[in-house]
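A quick write-up on the structure given underneath.
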Amino acid sequence: MRLFDGLERLLERLREGLAAMELTAQLAVAPAARAALWRSRGGGARLQELPLEVIGFDSGGFFRNIGISTVGELLKLPRDGLARRCGQALLDDLDRALGTVPEARGYFMPPPRFAAKLELPAEVSHADGLLFAARRLLVQLEGLLAARHAGVRAFTVFLCHPKAESTAVEIGLASPAREAGRLGQLLREKLATLSLSCPVEAIRLEAGDFSPLHARTAGMFGDALAEDEGWARLAERLQARLGPDAVYGLATHPDHRPEYGWRRVEPGEWDPREFRHPGPRPLWLLQAPRPMREDDLQLLAGPERIECGWWDGDEARRDYFIARFSDSSLGWVYREAGAWFLHGLFA
Amino acid sequence: MMVSLEDLLQRHPVWRGGAAFSRAAAVPSGFSVLDGELPGGGWPTGGLTEILGLQQGIGELRLLLPALAALTTAGKRVIWLAPPHLPYAPALAAAGVDLARLAVVRAPGRRDSLWAAEQALRSGTCHALLAWFRNARYAELRRLALAAEASCALVALFRPREAARESSPACLRIALEPVQGELVVRILKRRGAPAAAPLRVPLKSPLHALGRSPSSPPASGDARARRSLGLPVHA
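Order-wise, the sequence lines are chains A and B.
Be aware that the first sequence starts at 2, since it is given in the numbering used here, and climbs by one per residue.
Be aware that the second sequence starts at -10, since it is given in the numbering used here, and climbs by one per residue.
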């Protein structure tokens, strides 16, 4: 109770959570779980005043016939007589409700995947409306994930159209997460890139493949861990809008052919120990070598012969030079089979 | 009674434009010529730096390399946004840049790249942003300048030379020009007093790394012959 800052605060949080999921509920409090359940079924009335119908005791109308209608009246009856008349089970239930006998309850285990559908009150054709509706589903997902101490690395939102196949919007995350706010932000970026061909009448949210995620405490000072986390979030936000290939890191690769001398990798994946210092290399490499005329070039240094790759079908036999162009920029040019090409710029 | 101007200035705390902002936050550029002229002694952080150049391949990146190498080896993250060509990993690694701290972001259009730049700066995890904008409006740059202010990052925008005619919210604008194989930097705008004299910045030339005088291109020849001549062969 201390943890939740008192009973009232705990109830308030429960009500907030239920309201966010759009569920109506009757809350009741009692020292024992069974009594609380009965009270909530009875509309929050005190245990003593609960009608017996509410808790499903008076099956044969026996108690009504002898003039007993509430739990309080039932408790006043002699115990041994009641046990003989109605069986020990009834007394056990009453004892559990009063808390005099402990009750073992099985813990609720939520399912390991999530799927929920929400019919929209009206057909929606703009992203903002969809996002608003999707947020409700995301809040439900967050509740489920919190109960399982888990997070998701990906989820899919299906936009159901009235007369067409539904559109699947897949969202991937850099690290497992469950906060509805963060998931909603990614969904917003993704929806912004989407052009809807027809209106949406319902949305479905599906997520599976939960991975364990424990609540982490934020560092007191801006520590490296928090920065890594912030970085991962930035990358996933950029990827959600610009595409999964839009954010990458660079790594060197041991190959003499310049175009194979580097790799696109996940940012952060580079081992400096693998790097061998090459000769002078330009900071810009052109996507494709550009044909040049020989008289435009003033060769400053070279040649450096690169002859390599006969084994993989992409053989290079090139002589590389550093050249100055008429506009005084420096380029990395090569000659292959008598023709000149520009391959990089010493920017 | 006559009071000299010097006395007046001593007696009253008058702010003078001529005094450079000594307290401005900055990352040393690695070139003492430049650091001496830049407020704070280096590339400003928390503001935009515009680098205007006529053409590519004149040393516009080599100008920033020492700062990038220092930042990345200190564990700071650097983003290259919408570069016009492939940033070549071996050349960057050779210049001392820790590639594990560098990320490239591709953004197809102007709106996407401006959005990405703002996201990167607002995230607080990007310590240097290099971005290539072909065209950007004043209002968009202003927005970016505000994001930069909140981020304490070094933000270098590479823009065409014609952009010098437009006004800009950048706190530093420099124009690059190659003169006789050297890079000349003109400071068009900085915090504090305007700088008049263009600066020759001694960039590291790729020829120095080679340490060899140019030779005429050989007409033809195979690798074995070249090896006997003492020329580098990668086979």
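Backbone N, C-alpha and C fix where the C-beta goes; we use that ideal spot for every residue, glycine too.
Does any residue of chain A have a CB that is nearer than 8 Å to the CB of residue i?
{"i": "residue 50 of chain B", "result": "yes"}
{"i": "residue 14 of chain B", "result": "no"}
{"i": "residue 47 of chain B", "result": "yes"}
{"i": "residue 132 of chain B", "result": "no"}
{"i": "residue 35 of chain B", "result": "no"}
{"i": "residue 81 of chain B", "result": "yes"}
{"i": "residue 153 of chain B", "result": "no"}
{"i": "residue 88 of chain B", "result": "yes"}
{"i": "residue 167 of chain B", "result": "yes"}
{"i": "residue 170 of chain B", "result": "yes"}
{"i": "residue -4 of chain B", "result": "no"}
Measure the CB-CB distance between residue i and residue j and report whether it falls below 8 Å.
{"i": "residue 297 of chain A", "j": "residue 327 of chain A", "result": "yes"}
{"i": "residue 98 of chain A", "j": "residue 29 of chain A", "result": "no"}
{"i": "residue 73 of chain A", "j": "residue 89 of chain A", "result": "no"}
{"i": "residue 164 of chain B", "j": "residue 175 of chain B", "result": "yes"}
{"i": "residue 134 of chain B", "j": "residue 158 of chain B", "result": "yes"}
{"i": "residue 247 of chain A", "j": "residue 94 of chain B", "result": "yes"}
{"i": "residue 227 of chain B", "j": "residue 251 of chain A", "result": "Lying outside -10 to 224, the shown extent of chain B, residue 227 of chain B is not represented and no answer is given."}
{"i": "residue 154 of chain A", "j": "residue 173 of chain A", "result": "yes"}
Would residue i count as contacting chain B if we go by Cβ distances under 8 Å?
{"i": "residue 10 of chain A", "result": "no"}
{"i": "residue 248 of chain A", "result": "yes"}
{"i": "residue 316 of chain A", "result": "no"}
{"i": "residue 252 of chain A", "result": "yes"}
{"i": "residue 297 of chain A", "result": "no"}
{"i": "residue 289 of chain A", "result": "no"}
{"i": "residue 39 of chain A", "result": "no"}
{"i": "residue 262 of chain A", "result": "yes"}
{"i": "residue 196 of chain A", "result": "no"}
{"i": "residue 328 of chain A", "result": "yes"}
{"i": "residue 25 of chain A", "result": "no"}
{"i": "residue 7 of chain A", "result": "no"}
{"i": "residue 294 of chain A", "result": "no"}
{"i": "residue 286 of chain A", "result": "yes"}
{"i": "residue 13 of chain A", "result": "no"}
{"i": "residue 238 of chain A", "result": "yes"}
Expressed to the nearest angstrom, what Euclidean distance is found between the alpha-carbon atoms of residue i and residue j?
{"i": "residue 21 of chain A", "j": "residue 126 of chain A", "result": "24 Å"}
{"i": "residue 150 of chain A", "j": "residue 112 of chain A", "result": "12 Å"}
{"i": "residue 80 of chain B", "j": "residue 33 of chain B", "result": "25 Å"}
{"i": "residue 115 of chain B", "j": "residue 71 of chain B", "result": "15 Å"}
{"i": "residue 306 of chain A", "j": "residue 41 of chain B", "result": "35 Å"}
{"i": "residue 4 of chain A", "j": "residue 158 of chain A", "result": "36 Å"}
{"i": "residue 185 of chain B", "j": "residue 160 of chain B", "result": "17 Å"}
{"i": "residue 42 of chain A", "j": "residue 56 of chain A", "result": "8 Å"}
{"i": "residue 11 of chain A", "j": "residue 18 of chain A", "result": "11 Å"}
{"i": "residue 94 of chain A", "j": "residue 103 of chain A", "result": "10 Å"}
{"i": "residue 348 of chain A", "j": "residue 136 of chain A", "result": "47 Å"}
{"i": "residue 279 of chain A", "j": "residue 65 of chain B", "result": "25 Å"}
{"i": "residue 151 of chain B", "j": "residue -6 of chain B", "result": "41 Å"}
{"i": "residue 77 of chain A", "j": "residue 47 of chain A", "result": "16 Å"}
{"i": "residue 31 of chain B", "j": "residue 133 of chain A", "result": "47 Å"}
{"i": "residue 168 of chain A", "j": "residue 120 of chain A", "result": "15 Å"}
{"i": "residue 54 of chain A", "j": "residue 39 of chain A", "result": "11 Å"}
{"i": "residue 84 of chain A", "j": "residue 203 of chain A", "result": "55 Å"}
Under the three-state reduction of DSSP, which class applies to residue i: helix, strand or coil?
{"i": "residue 259 of chain A", "result": "helix"}
{"i": "residue 62 of chain B", "result": "helix"}
{"i": "residue 147 of chain B", "result": "strand"}
{"i": "residue 7 of chain A", "result": "coil"}
{"i": "residue 320 of chain A", "result": "strand"}
{"i": "residue 77 of chain A", "result": "helix"}
{"i": "residue 111 of chain B", "result": "helix"}
{"i": "residue 133 of chain A", "result": "helix"}
{"i": "residue 13 of chain B", "result": "coil"}
{"i": "residue 358 of chain A", "result": "Nothing can be reported for residue 358 of chain A, as the shown portion of chain A is limited to 2 through 348."}
{"i": "residue 46 of chain A", "result": "coil"}
{"i": "residue 27 of chain A", "result": "coil"}
{"i": "residue 32 of chain B", "result": "strand"}
{"i": "residue 193 of chain B", "result": "coil"}
So, does the CB of residue i fall closer than 8 Å to a CB anywhere in chain E?
{"i": "residue 41 of chain B", "result": "Considering every chain present, this structure includes no chain E. Its protein chains are A and B."}
Sorry if obvious, but does the Cβ on residue i come closer than 7 Å to a heavy atom of the ligand FAD?
{"i": "residue 14 of chain B", "result": "For the ligand FAD, the structure offers nothing, since it holds no ligand at all."}
Next item on the list: Pull out every residue of the region 92 to 121 of chain B whose Cβ sits closer than 8 Å to any Cβ of chain A, in chain order.
Entry: 92, 93, 94, 95, 96, 97, 101, 104, 105, 108, 109, 112, 113, 114 and 115
Notebook entry, point to check: Which residues, in chain order, does the region 105 to 137 of chain A contribute to contact with chain B at a C-beta distance below 7 Å?
Noted result: none
Check: If contact means a Cβ-Cβ distance below 8 Å, which residues of the region 300 to 324 of chain A contact chain B?
Finding: 300, 301, 302, 303, 304, 305, 306, 307, 308, 309, 320, 322 and 323
Notebook entry, point to check: What residues from the region 186 to 197 of chain B come within 7 Å of chain A, judged by C-beta to C-beta, listed N to C?
Noted result: 195 and 196
Notebook entry, point to check: Going along the region 62 to 79 of chain B in order, which residues come within less than 7 Å of chain A, judged by CB to CB distance?
Noted result: 66, 74, 75, 76, 77, 78 and 79
Note to self: Short of 9 Å Cβ to Cβ, which residues in the region 336 to 348 of chain A face chain B?
What the structure shows: 336, 339, 345, 346, 347 and 348
Notebook entry, point to check: Can you list, in chain order, the residues of the region 172 to 187 of chain B whose Cβ is nearer than 9 Å to any Cβ on chain A?
Noted result: none
Check: Taking a cut of 9 Å between CB atoms, which residues from the region 164 to 178 of chain A lie near chain B?
Finding: none
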